[in-house]
Structure formats: C-alpha cells, structure tokens
Amino acid sequence: MAEAVPSMVEPCSTRGVLRCPPGGGRLAPPLKIPSSKGSKNSKMAAENKPLPMPSYVKFLFGGLSGMAATCVVQPMDLVKNRMQLSGVGGAAKEHKTSFHVIKSILKNEGITGMYSGLSAGLLRQATYTTTRLGVYSYLFEMATKDGHPPNFFMKAAIGMAAGMTGAFVGTPAEVSLIRMTADGRLPAAERRNYKNVFDAIMRMIREEGLFTLWRGAIPTMGRAMVVNAAQLASYSQAKQVLMSTGYFKENIVLHFWASMISGLVTTAASMPVDIAKTRLQNMKMIDGKPEYKGAIDVLSRVVKNEGIFSLWKGFTPYYARLGPHTVLTFIVLEKMNTMYRQLVMGDYSHRSSGL
Numbered sequence: 001m002a003e004a005v006p007s008m009v010e011p012c013s014t015r016g017v018l019r020c021p022p023g024g025g026r027l028a029p030p031l032k033i034p035s036s037k038g039s040k041n042s043k044m045a046a047e048n049k050p051l052p053m054p055s056y057v058k059f060l061f062g063g064l065s066g067m068a069a070t071c072v073v074q075p076m077d078l079v080k081n082r083m084q085l086s087g088v089g090g091a092a093k094e095h096k097t098s099f100h101v102i103k104s105i106l107k108n109e110g111i112t113g114m115y116s117g118l119s120a121g122l123l124r125q126a127t128y129t130t131t132r133l134g135v136y137s138y139l140f141e142m143a144t145k146d147g148h149p150p151n152f153f154m155k156a157a158i159g160m161a162a163g164m165t166g167a168f169v170g171t172p173a174e175v176s177l178i179r180m181t182a183d184g185r186l187p188a189a190e191r192r193n194y195k196n197v198f199d200a201i202m203r204m205i206r207e208e209g210l211f212t213l214w215r216g217a218i219p220t221m222g223r224a225m226v227v228n229a230a231q232l233a234s235y236s237q238a239k240q241v242l243m244s245t246g247y248f249k250e251n252i253v254l255h256f257w258a259s260m261i262s263g264l265v266t267t268a269a270s271m272p273v274d275i276a277k278t279r280l281q282n283m284k285m286i287d288g289k290p291e292y293k294g295a296i297d298v299l300s301r302v303v304k305n306e307g308i309f310s311l312w313k314g315f316t317p318y319y320a321r322l323g324p325h326t327v328l329t330f331i332v333l334e335k336m337n338t339m340y341r342q343l344v345m346g347d348y349s350h351r352s353s354g355l
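Mapping the sequence shown onto the UniProt record's numbering, position 168 (from 1) lands on 168, and the numbers just tick up by one.
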C-alpha cells in the first residue's frame, strides 16, 4: 500500500472568514499583499523633517552673535594684543603679566582706554564671524545625512573652509583692530591716532596702498583655519559627547560646557599662529623695508630672542577673551536660532542650531 505523502498546505480551517471548498479540498496559503505602512512611515518622516533655515538668516545670526560677544570681551582682546607686542625686536618687555597691562592702560589711558579699537572689533565680527559661522552652518547642514551629523574630521574640514573664507573677508578690519589696540603703547609722536575703524581703513589706503588692508592675510587665514577647525569642530564634538553621557540635554548648560571645552582647545592650538599674525599686522617699514619677511620669520625670531614659550605669551588674557567669547557667541547663536525656528518657522521640536 502506498505511503501517504504529507501535504505542504495547512488543512482548511472552518474558523474565520475562509471556508473549505466543496468536497473537503484544501486552500492554498493566502497571497501576501504588500503593506502601505512602510511608504506611509517614509512619507510621515519626510513631512516631520525640520525645514532648513534660510542661508541669509544663518549669516545674519552668526555676525550678531559675534558682535554681542565682542562688546563684553573687547578689554581682554586689547590686553592680549599688548602682551603679544611686548618685547618686539628683542627690546625689554614692557609688560610681565596681564594685570600689569591692565594697570598701565587704566593709568595712562583711562577706563575708556580698555575699549580702544571697539569699532574695529565690531566690524571684524560683522565681516569675519558673519562669514565663518554662516558658511559653517550651511556646510554642516549640507553634510548632515538622515539626521546623522558629520564625523569629527568632516567637521574640522568644514571649519577650516569656513575660517579661511571668513578670514579673507575680515582681514581689513583685523588689521585696523590690531593697530588701534596697539596705538596706546607707543610714544605720542609715533601713534597713528585713528579716529575709528573707517578712518583707519581710509588712511591705510591713502598712505600705504590698498593691499595694506590684507597685510598678514596668509597667517590670518592660517590662524582662522586652525581656530575654526579647533573651535567649531570641538564645539560640535563636545556637544555630542556630553549628550551621549545622558547627563545633558539641549539647553544652555550644555552650550556653556561645550563652549568652554572648545575655547580651551582653540587657545592652545592657535596662539603661535596668532602671535605671528599680530606682529605682522602691526609692523612698520624700516628704511623702506618691512620689519618681518613673513610668518616663519616672526616665529623664528620670537623663539630665538624670547624663548619658545613666548609663542604662548598672553595665554591667560587670550583664553580669558576666547573662552567667554566662545561661550557668548554660541549661546547667543543657539538662542537666536531656536527663537527663529519657534516664532518664525513654527518648529518647536528642533531645538539645536545645527552646530
């Protein structure tokens, strides 16, 4: 007798809607109809994805945040510049500490002397910071795929590109700032006595030529690449790491600590380039020849005449300026972005600025 072959289909059940066909036959498994659930979820995700902020808003907020921070930290920028110019040409150092600089300024120039060069500082932020933060925010958003931010090295590359672009745009204001903050340390007969940043720019063009406005542009751009690679990338990375601990969320406390970490990293990385930039932009012509040949010449002379640690001369006022400036810039920027998303775009879910 032949052995029964087991059926590959389930016996027809009398439960539910389906019934057995006449004669007690068996039903084949029902065909699976593709669900539209997946496509609906994709559509909903696309609809819930936050809209990007207009590019002009990113640039505007970048400049405003930098200008707000500058109004607070300008005195520290002045002290830093005076410290870096102390001992130029191997001469005896005018200032041994940051406190000595402050005491000297208050004694010789008065309280308003602490804000020498403020107009140049504000113009610098309006040009340099507007460009660098605007470009960084734009490129950061472009590099963010499916809600995943770019990795650290991509952030650093974006920061370098943003910094280089911003530095080129902001160099004329930078040169004016260096000269205006340094003027008070010179004998009265040698001072340039610029009335404001616009007077400084016009006189430089008239007395020294148009390209004087971009004197030191190469080290300025080099410094900006270092600063922005360190500052913007370390800020973004610090936010990610701090949030991953579970102790932080997207708020002002997170922005504060991420900014402080970013400021410390940036100070250590950028000071040697900054001192070269400062001295190049403040140098005078001696017998028709520039005082320095370039950034390498500045650095080699500093190391030879003043010691290698002089490359970090003014670290305290530099960090005292850059730390709060970084904190204030990013906090103001984050808050302006959040308010714009909520009040203008009606988006109450996406609270980060995209940094």
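We put the beta carbon where it would ideally sit given N, CA and C, even for glycine.
Contact under 8 Å by Cβ, residue i with residue j
{"i": "R215", "j": "V273", "result": "no"}
{"i": "G166", "j": "T131", "result": "yes"}
{"i": "M283", "j": "L64", "result": "no"}
{"i": "G117", "j": "T181", "result": "yes"}
{"i": "V298", "j": "R279", "result": "yes"}
{"i": "R82", "j": "R185", "result": "yes"}
{"i": "I178", "j": "Q281", "result": "yes"}
{"i": "V72", "j": "P324", "result": "yes"}
{"i": "A217", "j": "T171", "result": "yes"}
{"i": "A230", "j": "S259", "result": "no"}
{"i": "L328", "j": "A126", "result": "no"}
DSSP state of residue i mapped onto helix, strand, coil
{"i": "M285", "result": "strand"}
{"i": "K145", "result": "strand"}
{"i": "residue 358", "result": "Because residue 358 is not part of the residues shown, which for the chain are 1 to 355, the question remains open."}
{"i": "P172", "result": "helix"}
{"i": "P324", "result": "helix"}
{"i": "residue 394", "result": "Any answer about residue 394 is impossible in this case: the structure gives the chain only from 1 up to 355."}
{"i": "P150", "result": "coil"}
From the options, residue whose alpha carbon lies closest to that of residue i
{"i": "F330", "options": "P290, I308, E250 and V241", "result": "E250"}
{"i": "T220", "options": "H148, P324, F168 and Y319", "result": "F168"}
{"i": "K293", "options": "A276, L123 and V101", "result": "A276"}
Cβ-based burial, residue i [other Cβ within 10 Å; buried from 16]
{"i": "I308", "result": "exposed"}
{"i": "F59", "result": "buried"}
{"i": "E174", "result": "buried"}
{"i": "H255", "result": "buried"}
{"i": "L333", "result": "buried"}
{"i": "V241", "result": "exposed"}
{"i": "P187", "result": "exposed"}
{"i": "T326", "result": "buried"}
{"i": "V253", "result": "exposed"}
Whole-angstrom distance between residue j and residue i, CA atom to CA atom
{"i": "A295", "j": "A156", "result": "23 Å"}
{"i": "A46", "j": "V344", "result": "Residue placement at A46 cannot be trusted, given a pLDDT of 49 that sits under 50; the coordinates are not used to answer."}
{"i": "G346", "j": "S300", "result": "55 Å"}
{"i": "A268", "j": "V101", "result": "21 Å"}
{"i": "L264", "j": "K239", "result": "15 Å"}
{"i": "I105", "j": "T144", "result": "47 Å"}
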